[in-house]
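Chemist: Below: one structure in structure tokens.
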């Protein structure tokens, strides 16, 4: 059962309610923060305000002034049970549970697409379709020029697995033409540090992505191979490989670079460019 911390309405615009509830958080810790009641502050502002104070802790808003703590506990019990059952299955799933006024529960299923999986040597790279589609959209906007950015994900070193979470657009200072892409660095360091802090370092920088022009293969060019080597050396201090994704007409291809003990760089690419499991 998740440990809940429940506090009342978040009316930041009311001077008499201008208080910081995080100062009264349970001393023994909690897993989820629940805010029952009306949220008069714009929801996105409230989320940002709490995210800055509750790093890495999920926040659940339960609308309506008459929702009780018992209602929140019931919803958390349903979510906890579903989470436990999901660990026993092989397929990803998404769902929303609704607790009705008569006490019955309605389950609304969500479509969850199977991700692309790249097996590269001893490592596995998992690419959600949402991130794949995002990169394809950013490529389409910049054509005929190349574009790119950094990749964020979760790294499990013991399982040798990288689960991608997001692909960022080109930062300030980036330059793209029909033959090459040079990623800029404007504001990137601060943005990366902030993103990692918000997830308690669970999500981190894992590599780079860029696009190739129409008609070009997604196989890495000589320039790309050089960058894979740089990524491998950069990430080796964390025992992680350097990851590069290349987006083209036929989809996405993944390449990994590892630094061997003798500091020789080992490149792991797909046998057939563009192939994914």
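In the UniProt record's numbering, the protein residues as written are 1 to 277. A virtual CB, placed ideally from N, CA and C, is assigned to each residue, including glycine. Just so it is clear, the structure is predicted and the values come from calculations on it, not from any experiment.
If I'm right that residue 247 touches residue 79 with Cβ under 8 angstroms, what's the distance once you round it to whole angstroms?
Modeler: Here residue 247 is taken as the residue at index 247 of the chain shown, counted from 1. Here residue 79 is taken as the residue at index 79 of the chain shown, counted from 1. Not quite, the Cβ-Cβ distance comes to about 35 angstroms (not below 8 angstroms), so this is no contact.
Chemist: Can you pull the DSSP bridge partners for residue 207?
Modeler: Sequence index remark: in the chain shown, residue 207 carries index 207 (1-based). For residue 207, the pairing in a beta bridge is given by DSSP as 151 and 243.
Chemist: Among the residues of its own chain, which have a CB less than 6 angstroms from the CB of residue 153, if the five just before and after it don't count?
Modeler: Translated into positions along the chain shown, residue 153 becomes position 153. 162, 163, 164, 165 and 206.
Chemist: Nearest-angstrom Cα distance between residue 238 and residue 176?
Modeler: Along the chain shown, read from residue 1 onward, the residue named residue 238 stands at position 238. Along the chain shown, read from residue 1 onward, the residue named residue 176 stands at position 176. About 30 angstroms.
Chemist: May I ask you to list the residues that DSSP assigns as paired with residue 98?
Modeler: For this step, residue 98 is matched to residue 98 along the chain shown. According to DSSP, residue 98 bridges with 106.
Chemist: Is the Cβ-Cβ distance between residue 120 and residue 254 less than 8 angstroms?
Modeler: In the chain shown, residue 120 corresponds to position 120, counting from 1. In the chain shown, residue 254 corresponds to position 254, counting from 1. Yes, the Cβ-Cβ distance between residue 120 and residue 254 is below 8 angstroms.
Chemist: Bridge partners for residue 124 per DSSP, in chain order?
Modeler: To locate residue 124, count along the chain shown from 1; it is residue 124. Beta-bridge pairing links residue 124 to 119 and 161.
Chemist: Between the Cα of residue 228 and the Cα atoms of 216, 215 and 208, which residue gives the shortest distance?
Modeler: Numbered from 1 along the chain shown, position 228 holds the residue referred to as residue 228. Of the candidates 216, 215 and 208, the one whose C-alpha sits nearest the C-alpha of residue 228 is 208.
Chemist: DSSP on residue 216, reduced to helix/strand/coil?
Modeler: By one-based count along the chain shown, residue 216 stands at place 216. Here DSSP, grouped into helix, strand and coil, assigns residue 216 to coil.
Chemist: Within the same chain, show all residues whose beta-carbon is closer than 6 angstroms to that of residue 112, passing over the 5 residues directly before and after it, in chain order.
Modeler: Walking along the chain shown from the start, residue 112 turns up at place 112. 92, 93 and 94, listed in sequence order.
Chemist: Using the three-state DSSP reduction, which class does residue 226 fall into: helix, strand or coil?
Modeler: Working through the chain shown from its first residue, we reach residue 226 at position 226. Of the three classes helix, strand and coil, the one that applies to residue 226 here is helix, per DSSP.
Chemist: Where do the N-terminal and C-terminal ends of the beta strand (DSSP E) with residue 256 fall, by residue?
Modeler: Translated into the one-based positions of the chain shown, residue 256 becomes position 256. Looking at the DSSP string, the run of the beta strand (DSSP E) that includes residue 256 is 251-259.
Chemist: Is it buried or exposed, residue 242, if we count other Cβ atoms within 10 angstroms and call 16 or more buried?
Modeler: For the purposes of this step, residue 242 is taken as residue 242 along the chain shown, with counting starting at 1. Burial call: buried.
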